[in-house]
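Chemist:
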Amino acid sequence: MISVIVPAYNVGKTIRRALNSILAQTYTELEIIVVDDGSSDNTGAIIDQYHKEYPQRIQILHTKNEGVTSARMRGVKAAHGEWIGFVDGDDEIESDMYERLLDNAVKYNADISHCGYQMIFPDGRVHYFHNTGTLMQQGKTDGLKELLSGERIEPGLWNKLFHIKLFYDLMHNEIMPPDIKINEDLLMNYYLFKGAECSVFEDVCKYHYIVRSSSATRRKLNKHRIYDPVRVKKIIMEDAAEEIKKSAEKAYMSTSINVYNSLMLEDAANFPEDEFAIRKKIIEGRHIVPLLRKKQKLQVYMLAAAPKMYKVVYRIYAKYFMKNMYT
């Protein structure tokens, strides 16, 4: 059986679409566990109605608002399946996603099976990540390196199928900090990939990530968006085994630079202490600079030596040369 966990917080407008896409799966040996994370809209009423219509297939957990990490783990603890999948309450999946993921897991004796995804914007634009059709088997070390680089493996949990055994430590030890709201999925993925001897990735885009302007990762800059990504990468870097240490250090420094660059585009009066704190972290990690790309090396040297000039130069660069396709 596959247990599909759906963390749901104020997704009354979209939860039907998500649940319908799971109910339409060609692989039918699955249970759906919806965790209502203290929603204040009509999410709870909608999922209760689905439970009445599909009492054998849909299990509902109503909890107080504790965040998506707690919601996911509550769902995992209630699961009966040998395999665990996640679908966000504002997204949807193609009808054969779980059948395809499970087939690959069994065929290649993998603990994790995952696929690509497509990002769908309100104006109808679709970006594919990456839809090359490539199929790739990886051992533990290569899988972790790919996850940390983010070049091919999406750090989200929702386009993956995990064997239940990978969650044992997470269920019985308080490893996941519940207060992390940004990049918490990357951290959980790190622990899951760390326990997986083999993973298989097929680059077909079966998961539909629906972009909402109100999603947690697209809101205006705040303390969680500033510090959570850096904190997650630091936790990973300090935990990393020797064979992935350099990959973890590189990921930590790259994230710190990206966060600092985000601060450069904000009103400086709103985040002066945060700007100083992130810059300090980067300078303290200068021993990692040789691992970075040339562009990032230049950024570190410049922001360390001339932060005021860096801000001016980066704002000009962002205005005229950066083409962010994800907005």
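If you number the sequence shown the way this note's numbering does, the last residue is 327 and the count never jumps. No residue lacks a Cβ here, since even glycine has one placed at the ideal position from N, Cα and C.
1. Looking only at its chain, what residues have a beta carbon closer than 6 Å to the beta carbon of residue 11, apart from the 5 residues adjacent to it on each side?
2. Rounded to a whole number of angstroms, what is the C-alpha to C-alpha distance between residue 104 and residue 200?
3. Who are residue 33's beta bridge partners in DSSP?
4. When you compare each of 73, 209, 210, 265 to residue 184 by their alpha carbons, which one comes out closest?
5. Can you tell me where the alpha helix (DSSP H) with residue 335 in it begins and where it stops?
6. Going by DSSP, what residues sit across from residue 120 in a beta bridge?
7. Report the residue ranges of all beta strand (DSSP E) runs contained in full by the stretch 151 to 237; include only those spanning at least 3 residues, in chain order.
8. Within 10 angstroms of its Cβ, does residue 276 collect 16 or more other Cβ (buried), or is it exposed?
9. Starting from the Cα of residue 267, find the closest Cα among 256, 220, 233 and give me that residue.
10. According to the Cβ coordinates, are residue 5 and residue 29 closer than 8 Å?
11. So is residue 204 buried or exposed if we call it buried at 16+ other beta carbons inside 10 Å?
12. Would you kindly work out how many angstroms separate the C-alpha atoms of residue 57 and residue 39, rounded to a whole number?
13. Can you say whether residue 123 is buried or exposed, counting buried as having 16 or more other CB atoms within 10 angstroms of its CB?
14. Assuming residue 342 is part of the beta strand (DSSP E), what are its boundary residues?
15. Can you confirm whether the stretch 149 to 167 touches the stretch 108 to 126 when touching is taken to mean that 3 or more C-beta pairs between the two stretches lie within less than 8 Å?
Modeler: Reading it off the structure:
1. The residue labelled residue 11 in the question sits at position 11 within the sequence shown. Taken in chain order, the residues that qualify are 43, 89, 90.
2. Reading the sequence shown from its first residue, position 104 is the one you call residue 104. Reading the sequence shown from its first residue, position 200 is the one you call residue 200. Cα to Cα, residue 104 sits roughly 7 Å from residue 200.
3. Locating residue 33 in the sequence shown gives position 33, where the first residue counts as 1. For residue 33, the beta-bridge partners assigned by DSSP are 5, 59.
4. Position 184 of the sequence shown holds residue 184. Each of 73, 209, 210, 265 was checked against the Cα of residue 184, and the nearest Cα belongs to 73.
5. One cannot answer for residue 335 here, as it falls past the ends of the chain, which runs 1 to 327.
6. As a position in the sequence shown, residue 120 is number 120, starting the count at 1. DSSP links residue 120 through a beta bridge to 126, 210.
7. The DSSP assignment places 160 to 163, 198 to 210 as complete runs of the beta strand (DSSP E) inside the stretch 151 to 237, in order along the chain (cut-off: 3 residues).
8. The residue labelled residue 276 in the question sits at position 276 within the sequence shown. The residue is exposed, with fewer than 16 neighbouring Cβ atoms inside 10 Å.
9. Reading the sequence shown from its first residue, position 267 is the one you call residue 267. Ranking 256, 220, 233 by Cα distance to residue 267 puts 220 first.
10. As a first step, residue 5 is located in the sequence shown; it is residue number 5 there, counting from the start. As a first step, residue 29 is located in the sequence shown; it is residue number 29 there, counting from the start. Taking 8 Å as the Cβ cut-off, residue 5 and residue 29 do not qualify as a contacting pair.
11. As a position in the sequence shown, residue 204 is number 204, starting the count at 1. It counts as buried.
12. Position 57 of the sequence shown holds residue 57. Position 39 of the sequence shown holds residue 39. C-alpha separation (whole angstroms): 22 Å.
13. Along the sequence shown, one-based indexing puts residue 123 at 123. With a threshold of 16 other beta carbon atoms within 10 Å, residue 123 falls short and is exposed.
14. Residue 342 is absent from the model: the chain starts at 1 and stops at 327.
15. The stretch 108 to 126 is in contact with the stretch 149 to 167.
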